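Structure first, then comments.
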Amino acid sequence: MTPRFTPQDTLPRRWLLGLFGVMLSGCASLSTPSSTDPANPAPKPSRYLDTQELPDSKNLLPPHPTQGAAAMALDEEISQRSFALRDTSRWALARTDADVSFPNAADTFSCALNAPVTEADTPYLYQLLLRTRDDLGYSTRSAKKHAQRPRPFVVNHEPICTPEYQAQMFKESSYPSGHATVGWGWALILAELSPQHANAVLARGLAYGESRNVCNVHWHSDVVQARSVAAATVAVLHSKAAFRAEMEAARAELLVVRSQGMKPRRDCAAEAAALSQLPSLAQ
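Those letters in the sequence shown? Residues -30 to -1, 1 to 253, per mature numbering (1 follows the signal peptide of the UniProt record, and there is no 0), in order.
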């Protein structure tokens, strides 16, 4: 669904004035995610960063833990504990977190933000998450190619939460986690957009990474080191005028949906119950 804003829309005047102010403040590169012509929708821009602008994750990260190291023992211990969450609500949430396609992934942080995140309700925030997903995901490539670390399920032969992707993931390097990089990057961005919800957002970002442990597709250290790649990528994103402009537009959208009393579309009580089951503490 492509959102269209017309003079008849019920958005508060201050939202429109806010966006107008953003454009006047030197952010002319702000691209609208909508089109007034349904037959010719505006193209969706992809990444903010060119490949050469991405952090060099291969040189940013230390080598992954190897057999006999204390860090590898911790990886194996958390992996074993995660087996206890199989077929629970936490396992189901981990499967949901594994889907980074849009629109499915757009509202991952909606409960933490206490606001809906959809292409219709928050088109600039939706676009921001979509574009940064690709920047964050691509930023792990050089480290993954260098590490060539087998995933946990390859070693322990236990089930994963997304068996439909098992053959593909069998060939992919585990270190660092691309999903955890995306999740932590989103958490950093959203905590900046909504600092009053930062604690909940960052906790959800940590849990998003832990979902990869629950799914048995990443080691604990894959997830931990992903946060460094995410932080480096978000820092580079802030150098881009288009990113900064869309951050301001997304911030304005969040103010609007909250002023209108709009709530997340997820079952936040069920999500909270699932998140209370921690893979690092499971027995």
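Idealized CB from N, CA, C, for every residue including glycine. As the structure is a computational prediction, the values presented were derived from the model and not from experiment.
query	result
Nearest-angstrom beta carbon gap, M232 and residue 313 [assumed within contact, 8 angstroms]	The structure shown has nothing for residue 313, since the chain only spans -30 to 253.
Validate contact between the segment 190 to 206 and the segment 97 to 116 using beta carbons, cut 8 angstroms, 3 pairs	yes
Beta-carbon proximity of Q136 to I130, cut-off 8 angstroms	yes
Under the three-state DSSP convention, the category V87 falls into	coil
Pick from D57, A90, C81 that is closest to F72, judged by C-alpha positions	A90
For S112 and M217, the rounded distance between their alpha carbons	27 angstroms
Which listed residue (A219, A222, F213, R228) has its alpha carbon closest to that of residue 257	This structure leaves residue 257 out entirely; the chain is present only between -30 and 253.
As assigned by DSSP and simplified to three states, the class of N186	coil
Residue range of the alpha helix (DSSP H) that includes A157	148 to 163
Short Cβ contact (8 angstroms threshold) for residue 342 with Q230	No answer is possible for residue 342: the residues shown for the chain start at -30 and end at 253.
Identity of the residue in N169, F123, L176, N183 nearest W154 by Cα	L176
I48 to A62 span [Cα, whole Å]	18 angstroms
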